[in-house]
Amino acid sequence: MLCDNCKERDAIINLTQVEHDSKVTLHLCEQCAQQKGVETGGAVLKSPLGNFLGAVVKGGGGGAGALVPAAGDALRCPACGSTLRDFRDSGRLGCDQCYASFDSHLRDLLRRLHGSSQHVGERYEAPGERGGDDPRSRLLELKAQLRRAVEGENFERRAARPHSGVGVMDLSLLPDGGMRWLDASGPKSTIVLSTRIRLARNVRGVPFSQRAKDTDRTTVLERVSEAAASSDRLAAAVAFHLDKMDRPERQLLHERHLVSKELAGLDREARPRPGAALLVQDQVGVMVNEEDHLRLHGMWSGFDLEDAYAAVEAVDADLGRLVPFAFHPEFGYLTSCPTNAGTGLRASVLIHLPGLVLTKEINKALQGLSQVGLTFRGLYGEGSEVVGNFFQMSNDRPPRENRAASYRIRRTGTGRAVENGARGSGRQDLACVRPAEACAPAVV
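Written out as C-alpha cells, the structure is:
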C-alpha cells in the first residue's frame, strides 16, 4: 500500500484521528508521518536516551570484558586455553573453569555488575550430588534408562519432514503455530502483547559455545535431548535441527520469537554449526548451543510473569536432575558472558505504547528504567529496532534471586508503563499509531 500523502513510498503507519465524533484514517510512510508530527517508535532508539541505554547494555568494546583491567592479560585457562585477553576482547569466557582461572578478576567484575559476587538464589546440586533419595530424580533416571533400552526405535520428531515446497515449513509441527502468546488471552493484553522468561544454563565440563568443537556441540544436544525425553514437560517436544533447515525456515522460527537471531544464523550466510537446535513443547522451548549451551524460555500472552516463570522453572528443574549444570557456590550458574551469571534469568514483556510515542512522552516514561535495573530493546530483542511502537522491556542484568526480576518489572518501570500506556490509549484526542502490516509475519 502506498502512502496516502506522497503516493510514492510504502505506508508503514496507520494514523487514525478522532474529531467531533468522526474518524479519519491515513496510511503514511515514515517520512510523511514525521512531517505530521508523529514520532515513530524507531526514532526512540535513535534518540540520546536510546543511545545511552544501548551503551549500558552492550558495555562498549568487548562488553563486560572491557571492564577488566589489562594487567592479567597473560593468564590462561588450562581447561580450554582461553586467556584473560580473549575475554577482554570478546566479552565471553571459554568454559566453566575460566571462572576459577580468572577468579579474582571475575569476582571484582561481578561485584561491579551486580553489587555483589555472592549468589543468593537457589542452590543447585548436580546429578549424583543430591543427599538422600529424590523420587523425581529417580523417576527421570528410570525413564532415561528405558529410552536407552529401546535404541532401535526413533522417538524424535524431526523438523525435516517432507516439504510441500522449497523452503516451506510444515507449521503443524509447531504447537499453535508457535503463536499462542499472540492470542490476547492474558492479563492486560490490550497493552502487553506477551511475557517472556529466559534461563541460561551450561553443561559442566564442556567448553562454552565460543570454544566448543562440533563434537562438543553434538554431545550437548544428545545429552539435552535424552534428558528432555525423560521429562514429562518435554517428552513430546518437537526437535528442530537448525543446521539442517533452510534460511526461510530459520527466519520463521526467529519471527515467532522461538529462536534468537544468533542461533538461527541469520547474521551470516553460512548455516548454523552442528548441534544448533530448538526443542519446543506447548509454550516452553529450549535453544541448544546458542551463546550458552541451553537457553530455556517460555512466552505467555499478556502480563503474566508468574505463570511463565513457573513453567520454565519446572523444565529447568527436570533437566538439571539429569544434566549436570555448571554451578559455582559463590557465583551461581556459570554463563559464557558473566553479565548473565548468577540466576541466568531474564524476564521481559513486549509492550505496545502508541499513545506515549504519539504524545512524545515515551522518553520521559523510559528515563527511569536504568535506575531500577531495567532496559528496553526492539521488537526482536537485543540489536533490533522498535517496530509499530512495540518495546521489549526487561531486566538489564540477572537479579540475585530469581523472582526478584519478576517483582521488579511488575512494581516499577514496566508496571508504570502499562498504566501510563493504558491511560494514553484511552484518551479520545490521541491518534492510534500502528504498523500498516501486522507485527507478526504472515504464515509461510
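For the record, in the sequence shown the residue sitting at position 205 is 205 according to the working numbering, with numbers rising by one throughout.
Each residue gets a CB set at the ideal place from its N, CA and C atoms; glycine is no exception.
For D304, which residues from the same chain have a beta carbon less than 7 Å from its beta carbon, with the 5 sequence-adjacent residues on both sides left out? Position 304 of the sequence shown, counted from the start, is the residue given in the question as residue 304. Result list for D304: G186, P187, T195, in chain order.
Alpha carbon of C95 to alpha carbon of A79, nearest angstrom: Locating residue 95 in the sequence shown gives position 95, where the first residue counts as 1. Locating residue 79 in the sequence shown gives position 79, where the first residue counts as 1. Taking the straight line from one Cα to the other gives about 8 Å.
Entirely enclosed beta strand (DSSP E) segments - the segment 206 to 264, minimum 3 residues: 238 to 241
Buried or exposed, going by whether 16 or more other CB atoms sit within 10 Å of the CB of C6? Counting from one through the sequence shown, the residue named residue 6 turns up at place 6. Label assigned to C6: exposed.
Kindly indicate which three-state DSSP category G72 falls into: helix, strand or coil? As a first step, residue 72 is located in the sequence shown; it is residue number 72 there, counting from the start. Helix.
Coarse secondary structure for Y124, derived from DSSP in three states: As a first step, residue 124 must be located in the sequence shown, where it is residue number 124. Coil.
Name the residue from L109, H352, N202 whose alpha carbon lies nearest to the alpha carbon of F327. Along the sequence shown, read from residue 1 onward, the residue named residue 327 stands at position 327. Among L109, H352, N202, the Cα nearest to that of F327 is on N202.
Secondary structure of S185, DSSP reduced to three states: Here residue 185 corresponds to residue number 185 of the sequence shown, with the count starting at 1. The answer is coil: DSSP assigns S185 none of H, G, I, E or B.
Are the CB atoms of G378 and Q367 nearer to each other than 8 Å? The residue labelled residue 378 in the question sits at position 378 within the sequence shown. The residue labelled residue 367 in the question sits at position 367 within the sequence shown. Contact flag unset, no.
Let me make sure I understand the geometry here. Which of Y380, V349, P354 has the alpha-carbon closest to that of L193? Reading the sequence shown from its first residue, position 193 is the one you call residue 193. Residue V349 is the option with its Cα nearest to L193.
Cβ neighbours of G298 in the same chain (closer than 6 Å, five flanking residues each side left out): Residue mapping note: residue 298 aligns to position 298 of the sequence shown, counting from 1. Counting only Cβ-Cβ distances below 6 Å, and skipping sequence neighbours, we find I197, Q283, V284, A308, A311, V312.
From the DSSP output, in three-state form, read off D10 for me. Stepping through the sequence shown from its first residue, residue 10 is reached at position 10. It is a strand residue.
Give me whichever residues DSSP pairs with I197 in a beta bridge. Indexing the sequence shown from 1 puts residue 197 at position 197. In DSSP, I197 forms a bridge with G298, A347.
Kindly give me the distance between the Cβ atoms of P296 and V288, rounded to whole angstroms, as I take these residues to be in contact under 8 Å. On the sequence shown, residue 296 is found 296 positions in, with the first residue counted as 1. On the sequence shown, residue 288 is found 288 positions in, with the first residue counted as 1. According to the sequence displayed, residue 296 carries Leu and not Pro. Actually they do not touch by this definition, with Cβ atoms about 10 Å apart.
Would you list the one or two residues that DSSP bridges to H328? For the purposes of this step, residue 328 is identified with residue 328 of the sequence shown, where counting begins at 1. For H328, which the question treats as bridged, DSSP gives the partners G332.
Which value, in whole angstroms, describes the spacing of the CA atoms of F240 and F376? Residue numbering aside, residue 240 sits at position 240 when the sequence shown is read from its first letter. Residue numbering aside, residue 376 sits at position 376 when the sequence shown is read from its first letter. Between F240 and F376, the C-alpha separation is close to 29 Å.
In terms of residues, what are the limits of the alpha helix (DSSP H) holding F87? Locating residue 87 in the sequence shown gives position 87, where the first residue counts as 1. Per DSSP, F87 belongs to the alpha helix (DSSP H) from 84 to 90.
Which residue from S116, A71, R321 puts its Cα closest to that of F331? Indexing the sequence shown from 1 puts residue 331 at position 331. When each option's Cα is compared against that of F331, the closest is S116.
Residue burial classification, T25 (beta-carbon count within 10 angstroms, cutoff 16): Here residue 25 refers to the residue found at position 25 of the sequence shown. Exposed, by the Cβ-count rule.
Please identify the residue among R273, V259, L334, A276 whose C-alpha is closest to the C-alpha of Y380. The residue given as residue 380 occupies position 380 in the sequence shown. Nearest C-alpha to Y380: V259.
P338, buried or exposed, once every other Cβ within 10 Å from all chains shown has been counted against 16: As a first step, residue 338 is located in the sequence shown; it is residue number 338 there, counting from the start. Result: buried.
When D292, R250, V323, T215 are compared against R223, the one with the closest alpha-carbon: Indexing the sequence shown from 1 puts residue 223 at position 223. Considering only alpha carbons, the answer is V323.
Please confirm whether V206 and T218 have their CB atoms less than 8 Å apart. Along the sequence shown, one-based indexing puts residue 206 at 206. Along the sequence shown, one-based indexing puts residue 218 at 218. Against a cut-off of 8 Å, the Cβ pair of T218 and V206 comes out as no contact.
Leaving out five residues before and five after L221 in sequence, what residues of the same chain have Cβ atoms less than 6 Å from its Cβ? Residue 221 sits at position 221 when you count from the first residue of the sequence shown. Closer than 6 Å at the Cβ level, and outside the excluded window around L221, lie G275, A277, V288.
Where the beta strand (DSSP E) through N363 begins and ends: To locate residue 363, count along the sequence shown from 1; it is residue 363. Looking at the DSSP string, N363 is not in any beta strand (DSSP E); the run it does join, the alpha helix (DSSP H), is 362 to 366.
With DSSP as the reference, please indicate the residues paired to S116 in a beta bridge. The residue given as residue 116 occupies position 116 in the sequence shown. None, per the DSSP bridge assignment.
Residue from F102, T359, S230, G320 with nearest C-alpha to E122: On the sequence shown, residue 122 is found 122 positions in, with the first residue counted as 1. E122 has its Cα closest to that of G320, out of F102, T359, S230, G320.
How would you call P248, buried or exposed, if buried means at least 16 neighbouring beta carbons within 10 angstroms? Position 248 of the sequence shown, counted from the start, is the residue given in the question as residue 248. Exposed, since its Cβ has fewer than 16 Cβ neighbours within 10 Å.
If I follow the unbroken beta strand (DSSP E) through A277, where does it start and stop? Sequence index remark: in the sequence shown, residue 277 carries index 277 (1-based). Unbroken beta strand (DSSP E) run through A277: 277 to 281.
Please determine, among N340, V315, L334, Q281, the residue with the shortest C-alpha to C-alpha distance to R180. By one-based count along the sequence shown, residue 180 stands at place 180. The shortest Cα separation from R180 among N340, V315, L334, Q281 belongs to Q281.
Taking DSSP as the reference, what is the three-state secondary structure of L305? Your numbering for residue 305 matches position 305 in the sequence shown. If DSSP states are grouped into helix, strand and coil, L305 belongs with the helices.
Collapsed DSSP secondary structure at T190 in the structure displayed: One-based indexing of the sequence shown puts residue 190 at position 190. Coil at T190, not helix or strand.
Grab me the residues of C32's own chain with a C-beta within less than 7 Å of its C-beta, minus the 5 sequence neighbours each way, in chain order. Walking along the sequence shown from the start, residue 32 turns up at place 32. So the qualifying residues of the chain are C3, N5, C6.
Based on the DSSP secondary-structure assignment, which residues constitute the bridge partners of G342? Taking the sequence shown and counting its residues from 1, one reaches residue 342 at position 342. Partner(s): Y333.
CB-CB under 6 Å to D73, same chain, minus the five flanking residues each way: which ones, in chain order? Stepping through the sequence shown from its first residue, residue 73 is reached at position 73. Result list for D73: L84, R85, in chain order.
Given that a residue counts as buried once 16 or more other Cβ atoms are within 10 Å of its Cβ, and exposed if not, what is D396? Counting from one through the sequence shown, the residue named residue 396 turns up at place 396. It counts as buried.
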